[in-house]
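Asker:
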Amino acid sequence: MLRIAFVQLKPGTAKTTSAVWLAYAFHRRGRTVGLVDADPGASALEWSDQAGGFPFKVAGLPVKDFHRRADDLATDVVIGDIPQVEDHAQIARSAMRWADVVVLPVAPTGIELDRMSPMTQVLEEMEDLMRPGAQTCVLLNRVVSGAASGPSARRVLSRQGYDVLSTAIPRLEVFAQSFGAEPDRNTAYDQLATELLERAGK
Ligand SMILES: Nc1ncnc2c1ncn2[C@@H]1O[C@H](COP(=O)(O)OP(=O)(O)O)[C@@H](O)[C@H]1O
Ligand SMILES: [Mg+2]
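Numbering (my numbering), first residue to last: 33 to 234.
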């Protein structure tokens, strides 16, 4: 099983969008996928409803013992859409204990880069509670192609010691307008699925 959790301090950082697109990418390459919505806001569940259901397992689990229950889906890949740490610290911490890979989506903007320092603090506090061998990595997300901000954010975050994924998700209308719809094929999320499987050796 590969357990992936999208975690950030704040809402609006593309956690849900990333979780849903990545779940489709794994599903389309034949992996069994479970998407677990840990956010009391339930936007992944709402997305599934609007889309007429996802073609893989979806469950709502906005609970503080997420780490004990999220494996119940028993799929090859389980993706957690985790609520913002600032409002739902206990659920988010539970998810960080559970994950094999904690993915932090970050846009290359001053405000999101600044918010990485409180996030770093949370990660430090969680270090000993995480699964042995668990990885934490940054997913550059909402990156304007051709602009200097993407590569610059990659340098800044790498210098701070973050493991920045090679895959970056571009800022595109197709992602911005995707809520409630079925994701397209052949996007950066397919590269992300490949990169995460390679890292996990699966
Ligand atoms: N790659 C992207 N390009 C453009 N807009 C995006 C992208 N990813 C997400 N968004 C938009 O950013 C907003 C926040 O995304 P969402 O996934 O709901 O964040 P969160 O779950 O972290 O609150 C949404 O309006 C979404 O459509
Ligand atoms: Mg969300």
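A virtual CB, placed ideally from N, CA and C, is assigned to each residue, including glycine.
Where does the unbroken beta strand (DSSP E) through THR168 begin, and where does it stop?
Answerer: Taking the sequence shown and counting its residues from 1, the one referred to as residue 168 is at position 136. That run of the beta strand (DSSP E) goes 167–175.
Asker: Going straight from the alpha carbon of HIS59 to that of TRP53, what length do you get?
Answerer: As a first step, residue 59 must be located in the sequence shown, where it is residue number 27. As a first step, residue 53 must be located in the sequence shown, where it is residue number 21. The straight-line gap from Cα to Cα measures roughly 10 Å.
Asker: For ASP195, count the other beta carbons within 10 Å of its own beta carbon; 16 or more makes it buried, fewer makes it exposed. Which is it?
Answerer: Mapped onto the sequence shown, residue 195 falls at position 163. Exposed, because fewer than 16 other Cβ atoms sit within 10 Å of the Cβ of ASP195.
Asker: Would you say ALA102 and ASP222 are within 8 Å of each other, going by their C-beta atoms?
Answerer: Within the sequence shown, the letter at position 70 stands for residue 102. Within the sequence shown, the letter at position 190 stands for residue 222. It is not a contact, given that the beta carbons lie outside the stated cut-off.
Asker: Is SER80 helix, strand or coil by DSSP?
Answerer: To locate residue 80, count along the sequence shown from 1; it is residue 48. Of the three classes helix, strand and coil, the one that applies to SER80 here is helix, per DSSP.
Asker: Taking the Cβ atom as the reference point for each residue, do LEU136 and VAL170 lie within a distance shorter than 8 Å?
Answerer: Taking the first residue of the sequence shown as 1, we reach residue 136 at position 104. Taking the first residue of the sequence shown as 1, we reach residue 170 at position 138. Taking 8 Å as the Cβ cut-off, LEU136 and VAL170 qualify as a contacting pair.
Asker: What does a CB cutoff of less than 6 Å around LEU21 pick up in its chain, not counting 5 residues either side in sequence?
Answerer: Past the boundaries of the shown model lies residue 21; the chain is included only from 33 to 234, so the question cannot be answered.
Asker: Is SER75 close to ligand 3? I mean its beta-carbon at under 7 Å from any heavy atom of the ligand.
Answerer: Absence of ligand 3 from the depicted structure is noted, with ligand 1 and ligand 2 being the only ligands included.
Asker: Answer yes if the segment 147–166 comes into contact with the segment 64–75, meaning at least three C-beta pairs across the two stretches below 8 Å, and no otherwise.
Answerer: Short answer: they don't touch.
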